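K.L.:
Okay, handing you the structure first.
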């Protein structure tokens with residue numbers, strides 16, 4: 001049965017600006033020995049197997065080797081506690097890759113699925129500053145970078161990326177703390193990307 005989700009997303013990792021993993025299609029190594037990354041997706045509208053999933057947030061946290069294409073990722077999924085059991089199951093299947101779509105291509109790289117937890121989430125996005133707080137597990141705020149040499153003020157964009165969207169806004173984090181699924185880090189001051197996203201399968 002066809003499904004679709006769309007909304008806004010942002011991520012933070014421990015690479016310096018700009019992360020070589022995403023911009024190389026996972027073919028260039030990260031700036032550090034391990035890549036620690038969290039991706040927050042706010043679904044504005046969506047339908048998965050007849051279940052309305054609009055207005056809900058999902059966060060994926062992962063610890064991977066520097067060269068992400070080597071696989072062996074440790075991944076956990078956090079789902080908005082506002083979701084019903086049916087909505088949580090539907091979102092888990094989309095963002096876990098079981099229903100096809102963009103996440104399906106990443107599943108062979110996962111070595112350990114750390115689990116899925118339901119937590120209270122607060123997501124905010126004003127177009128340039130993006131923030132999510134997820135219980136005591138995630139506190140992440142990033143801002144898209146605007147070059148002082150750019151008279152348009154549109155911000156730095158990177159196109160041709162493909163996942164999770166074709167064009168990403170580059171930026172940095174002001175806060176980026178994660179403590180969940182045995183993964184703990186503070187990536188404040190490090191790389192961020194953000195974009196609208198629209199997935200379907």
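In the numbering used here, the protein residues as written are 1 to 201.
Just so it is clear, CB atoms sit at the ideal spot from N, CA and C, and this is done for glycine as well.
Keep in mind the model is a prediction, meaning the values are calculated, not measured.
#1: Report all residues from its chain with a CB closer than 6 Å to the CB of residue 91; omit the five preceding and five following residues, and keep chain order.
#2: Could you tell me which uninterrupted alpha helix (DSSP H) segments, each at least 4 residues in length, are contained entirely in the region 112-168, listed from first to last along the chain?
#3: Extract the residue ranges of the alpha helix (DSSP H) inside the region 58-120, only unbroken runs of 4 or more that lie entirely within it.
#4: Is residue 35 near residue 14, with beta carbons less than 8 Å apart?
#5: With a CB to CB cut of under 8 Å and the five nearest residues on each side skipped, what residues in its chain are close to residue 172?
#6: Spell out the partners DSSP gives residue 184 in its beta bridges.
#7: Report the rounded CA-to-CA distance for residue 103 versus residue 43, giving the unit in angstroms.
#8: Are the beta-carbon atoms of residue 74 and residue 114 separated by less than 8 Å?
#9: Keeping to the same chain, check which residues put their C-beta closer than 6 Å to that of residue 112; ignore five residues upstream and five downstream.
#10: Can you grab the Cα-Cα spacing for the pair residue 137 / residue 178, in whole Å?
#11: Going by DSSP, what residues sit across from residue 36 in a beta bridge?
#12: Between residue 55 and residue 4, how many whole angstroms is the CB-CB distance? I'm expecting something under 8 Å.
#13: If contacts are defined as beta-carbon pairs under 8 Å, then residue 201 and residue 99 qualify, I think. What distance do you get, rounded to the angstrom?
#14: Please classify residue 27: does DSSP put it in a helix, a strand, or coil?
#15: Identify every residue that forms a DSSP beta bridge with residue 47.
#16: Quick check: residue 161 and residue 22, are their CB atoms within less than 8 Å of each other?
#17: Between the Cα of residue 67 and those of 9, 149, 109, spot the shortest distance and give me the residue it belongs to.
P.N.:
On the basis of the coordinates in this document:
#1: 53, 58, 79
#2: none
#3: 85-95
#4: Against a cut-off of 8 Å, the Cβ pair of residue 14 and residue 35 comes out as a contact.
#5: 17, 142, 143, 145, 189, 190, 191, 192
#6: 179
#7: 15 Å
#8: yes
#9: 74
#10: Computed Cα separation, rounded: 6 Å.
#11: 63, per the DSSP bridge assignment.
#12: In fact, because the Cβ distance is near 15 Å, the residues do not count as touching under 8 Å.
#13: 6 Å
#14: coil
#15: 4, 52
#16: yes
#17: 109
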